[in-house]
Structures are given as C-alpha cells and as structure tokens.
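I have placed the structure first, in the form of structure tokens, so that the comments after it can refer back to it.
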Amino acid sequence: MPLDSARGPGLIPVPRVAVIVVAAGSGTRLGSGAPKAFVGLDEHTILRHALRGVFAAPEAQVVIVAPAGREGDALTEALEASGDRRDLVTVATGGATRQESVRAGLHAVWADVDIVLVHDAARALTPPEVFARTIAAIADGADGAIPVLPVIDTIKRVDGAAVVGALDRSELAAAQTPQGFRRDVLDAAYQAAVDDFTDDAALVAAAGHAVAAVAGDALSFKITTPADLERARSLVQPIAPAPATLAAAQAAPRVGFGTDVHGFGGEGTLWLAGLEWPGEPALSGHSDGDAVAHAIVDALLSAAGLGDIGTHFGTDRPEYAAAHAEAFLARTLALIGEAGWRVGNVAVQVQANRPRFAARRAEAEAALSAALGGASVSVSATTTDGLGFTGTGEGVAAFAVALLVPA
Ligand code: CTP
Ligand code: MG
175 MPLDSARGPG LIPVPRVAVI VVAAGSGTRL GSGAPKAFVG LDEHTILRHA LRGVFAAPEA
235 QVVIVAPAGR EGDALTEALE ASGDRRDLVT VATGGATRQE SVRAGLHAVW ADVDIVLVHD
295 AARALTPPEV FARTIAAIAD GADGAIPVLP VIDTIKRVDG AAVVGALDRS ELAAAQTPQG
355 FRRDVLDAAY QAAVDDFTDD AALVAAAGHA VAAVAGDALS FKITTPADLE RARSLVQPIA
415 PAPATLAAAQ AAPRVGFGTD VHGFGGEGTL WLAGLEWPGE PALSGHSDGD AVAHAIVDAL
475 LSAAGLGDIG THFGTDRPEY AAAHAEAFLA RTLALIGEAG WRVGNVAVQV QANRPRFAAR
535 RAEAEAALSA ALGGASVSVS ATTTDGLGFT GTGEGVAAFA VALLVPA
C-alpha cells in the first residue's frame, strides 16, 4: 500500500493515515479533579504533550476525541501543536467508554483515509517512531499492528493469597498504543462489536483478523495513577514556543464570515448588538438571542480557524445561558489572542423590521467595539421589503465579516 498522499476530489492532498487520539476519559484513578487529558505535566497538559508526538509522526489526519464540553479546549491545544498541519485537525466528542470514544473518532475519519491508528492521549510521551513503525507494518500488509514491550517481571497466576502457577514470560507482552489497522478492517470490526473490549486489537482479533506486533517504547507508558504522573513529570521535555503563534506571526491577515438567526418569542426585553432595547419584544435562544453578537463570534472564530460558536459556547456551558454580547465577545477575543491574532475590523449587517437601528447605530458600534478591546466595528441595518421571515417580523438575521491580523 503506497504511503504517499492521495489526491482528493478537490485536488487537495489527503493523507492516507488518520490518528484518533482518545482523550475523553475522566481520569478516575489519577483523581486530579480535571479530565486526565487536561492535567498539566509542566505548563502544558497531557494532551498537548501527546499531540507533540502525533504531529512529529508521519503526516496524518488527527482526530482528537475530547470530553463533552471540552471540545474547544482540545481544538485550541491541537491547533497550537499542529504547526503547519492545522488543516489536518478534527475534534470529536467522546462517549461513556473508551470504545464509544473510539467509535466517535472513527465517524470523523475522512473518506480517503485507509490506515487508522488509535492512540491514548494518556500515553503522553510516546515517541514519533512508534507511530512510524505501526504505520509501516500495516503498509506492509498487516490487517492490524500494535506496539508491545516484553514483560520483565516473572508473572504468576494467583488465587487470593496463594500462588497457583507461573506463566511462560516469553509468550507474554504488554500492549501499548498507537494501535494501527486497515481502515476497512477497523470500521467493520467496530460495526460488528457488541461486547466491550479492553483495547482495539482485542476487538479486531475477535472479528477474526490477525494482529502483528511491533516494538513498543518504555516512554509510551500510560499515565494512570498519581505515581505515573510523577514519573511522566520527571521525564517530560519542555515544549518550545507555540508553533501556532509563530505561524500566525508570519501569516497574512485572514477573513472570516458568520451568520445567525433568532426568532422573536423570548422572555423579557430585547438584547441586540450588545444593547438592551426596552419596549421591544425579546428574541429566543440559549443565551439572550443576540444574533448580531453571535454572527460576529462566528466570523472571528472562522477567521482564526478555531471552529464556531458551538465549539466554544455549546448549550452544555451553563455560564453562557443568560449571557450578553459582552461575555461572548470577551471570551472570543481571548481565544483568538491565544492563537496569535488581533482584530483588524468587523462589519456586521442586521436584517430586521424592528428595532430601528438608525437612532442607536453609533451606540451599538461603541458597545460592540468596547467588548472587542476597542477594535473597529461597523453596524448596518436593512429590511427585506416584507419578504422572508425577517420581512414578516418573525425574527432577525445577522451577517458578519471579520478581519484578523497577526498579533
Ligand atoms: N478514554 C476516552 N473515553 C472514555 C474513557 C477513556 O477517550 N470514555 C481515553 C482516555 O482519555 C485515555 C485512554 O482512553 O487517553 C485510556 O483510558 P484510561 O487510561 O483508562 O483513562 P481514563 O478512563 O480517563 O482513566 P480512569 O479509567 O482512571 O478513569
Ligand atoms: Mg478508563
């Protein structure tokens, strides 16, 4: 199987390999309060260190499976780790078990990919060579391949406190990740799987496929307990300056586009373009329904390549349930700042019969600009000649463009 990049329908090179990094576990045995992937090794998290190895390995689509509600944080870390491979990053939401998380990751693998590696984020120090060895075994014809380490200790079979026998150590090996498979084999095995398996190799073997062993690495140990975390902290190599920030610093400006629609029918008074409009009917929505602010958030995030409003402000974030424009825009400004950008300018147009913007346009521009750290924001408004849902007065629509420049 050739390993060079295939050509996708749009003539964009598509890597033949995907790495699913499962990072959605809660880390019960580590017991540090945060999901394990977001626990720090030094000033960077376990996930960030794991991604360093992944992005130093042969080029692949990288699917990070994050805990529900932490997709935005995972995306931020991935973009920072990805350097010039940011277009290869995908984030998926994990499930209740590791197997469900892998399944969610598999759904996000691009159509052209034909080798899939599954890797535990908790094996944060895995060297890139292990990925290369695993990919090579599949490219050479294996259905599946996993890195293993010889077992050093003599292993006994015990029954309570009694030793009841020994096992032949030469027949045993400790399994690690990344575990690699032909994509069609892994897809079919996951479709067929009803039981819960401890790893992907066991699931694929149960589907009747042979799995090859390649050399693992002592650094690929899984951070499971507090003692493992201490060991990883003593071994970790510092991460050099964030490549995404450097990339942004050298990059040209970027534009982004965002739209939003909300219907009338919310509680209380109207909030739109960062202003309260006493006497006007409220819009409905998870937050205050401020379509103008939400369109600007999407425009800014899209310009920075940071996903969209749902990635960072999903309905599972209760702190944004009643939030106004200021909170959304301040958080968005922080996100794009961390990625190495500042706002050049924003232009937004609102389509609505009501409210009448002309009298308060300057006030709206000032409020939105203040929320964006003083960046230039222009607001325009139009009606649609009685046509469409904005014309009949059912709701409002907003359209925004944003320009970002390197910070
Ligand atoms: N994992 C996952 N989704 C789950 C459970 C685990 O993506 N529902 C991932 C973890 O994030 C980890 C890898 O699978 O990178 C190996 O799992 P494990 O070491 O058991 O991590 P946790 O499940 O987080 O830890 P614990 O079992 O102690 O809760
Ligand atoms: Mg677990």
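Numbers 175 to 581, taken from the numbering used here, label the letters of the sequence shown in order. Glycine is no exception: its CB is placed at the ideal position from the N, C-alpha and C atoms. Nothing here was measured: the structure is a model prediction, and the numbers come from that model.
Buried versus exposed, by CB contacts within 10 Å (16 or more), residue i
| i | result |
| --- | --- |
| THR351 | buried |
| ARG331 | exposed |
| ALA375 | buried |
| PRO427 | exposed |
| GLY184 | Residue confidence for GLY184 is low, a pLDDT of 49 falling below 50, so the modelled location carries little weight and cannot support an answer. |
| ARG407 | exposed |
| ALA335 | exposed |
| GLY430 | buried |
| HIS486 | buried |
| GLU404 | exposed |
| THR235 | Reading off the sequence, residue 235 comes out as Gln, not Thr. By the 10 Å Cβ count, GLN235 comes out buried. |
| GLY318 | buried |
| ARG190 | buried |
| HIS436 | buried |
| GLU345 | exposed |
| VAL338 | exposed |
| GLY560 | exposed |
| ALA571 | buried |
| THR489 | exposed |
| GLY439 | exposed |
| THR506 | buried |
Of the residues the options, the one placed nearest residue i, counting alpha carbons only
| i | options | result |
| --- | --- | --- |
| SER543 | PHE563, PHE531 and ASN519 | ASN519 |
| LEU480 | GLY214, GLY432 and ALA549 | GLY432 |
| ARG259 | LEU249, THR267, GLY268 and ALA266 | LEU249 |
| ALA266 | ILE238, LEU474 and ARG405 | ILE238 |
| ALA581 | VAL466, GLY339 and ALA508 | ALA508 |
| ALA414 | GLU245, ALA192, GLU254 and GLY318 | GLU254 |
| LEU323 | PHE395, SER458 and GLY243 | PHE395 |
| ALA310 | ASP288, ASP327, SER458 and LEU299 | ASP288 |
| ALA574 | ALA306, ALA465 and GLU441 | ALA465 |
| VAL228 | GLU245, VAL304 and ALA198 | VAL304 |
| ALA386 | VAL429, GLY354, GLN411 and VAL410 | GLY354 |
| GLU441 | PHE371, GLY569, GLY246 and LEU457 | LEU457 |
| THR271 | GLY567, PRO455, ALA347 and PHE371 | PHE371 |
| ASP261 | GLU233, TRP451 and GLY484 | GLU233 |
| ALA389 | ALA340, SER256 and VAL325 | VAL325 |
Per DSSP, cross-strand counterpart(s) of residue i
| i | result |
| --- | --- |
| GLU450 | TRP445 |
| LEU360 | For LEU360, which the question treats as bridged, DSSP gives no partner whatsoever. |
| ASP490 | Note: ASP490 sits in no beta bridge, so no partner. |
| GLN235 | ALA192 |
| ASP294 | VAL196 |
| ALA571 | VAL435 and GLN525 |
| VAL429 | LEU577 |
| GLN353 | VAL292 |
| ILE320 | ALA387 |
| LEU457 | PHE438 |
| GLY214 | THR219 |
| VAL517 | LEU578 |
| GLY339 | ARG331 |
| VAL265 | ILE238 |
| SER550 | ASN519 |
| ALA504 | DSSP output for ALA504 lists no bridge partner at all. |
| ALA348 | LEU323 |
Sequence-distant residues of its chain with Cβ nearer than 8 Å to residue i (five each side left out)
| i | result |
| --- | --- |
| TRP200 | The question names Trp, yet the displayed sequence has Ser at residue 200. Answer for SER200: PRO209, LYS210 and PRO241, listed in chain order. |
| ASP369 | ALA380 |
| GLU274 | GLY268 |
| ILE510 | LEU474, LEU475, ALA477, ALA478, LEU480, ARG516, VAL517 and LEU578 |
| PRO412 | ASP216 |
| ARG277 | GLY269 and TYR364 |
Sequence-distant residues of the same chain with beta carbon closer than 6 Å to residue i, five excluded per side
| i | result |
| --- | --- |
| PHE531 | ALA555 |
| SER550 | ASN519 |
| SER461 | TYR494 and ALA497 |
| GLY565 | THR558 |
| LEU360 | VAL290 |
| GLY279 | ILE194, VAL237, VAL239 and ALA266 |
| SER206 | VAL213 |
| GLY562 | none |
| MET175 | At MET175 the pLDDT is 44, less than 50, meaning the model places this residue with poor confidence; the figure from the coordinates comes in the next sentence. Counting only Cβ-Cβ distances below 6 Å, and skipping sequence neighbours, we find ALA313. |
Close Cβ partners of residue i (< 7 Å) along its chain, the five nearest in sequence each way excluded
| i | result |
| --- | --- |
| LEU449 | ARG534, GLU537, ALA538 and ALA541 |
| ALA295 | VAL195, VAL196, ALA197, ALA211, ILE220, LEU221 and ALA224 |
| ALA504 | ALA545 |
| ALA349 | ILE320, VAL322, ASP373 and ALA375 |
Minimum Cβ-Cβ distance from residue i to chain C less than 8 Å
| i | result |
| --- | --- |
| VAL239 | Included in the structure is just one protein chain, with no chain C present. |
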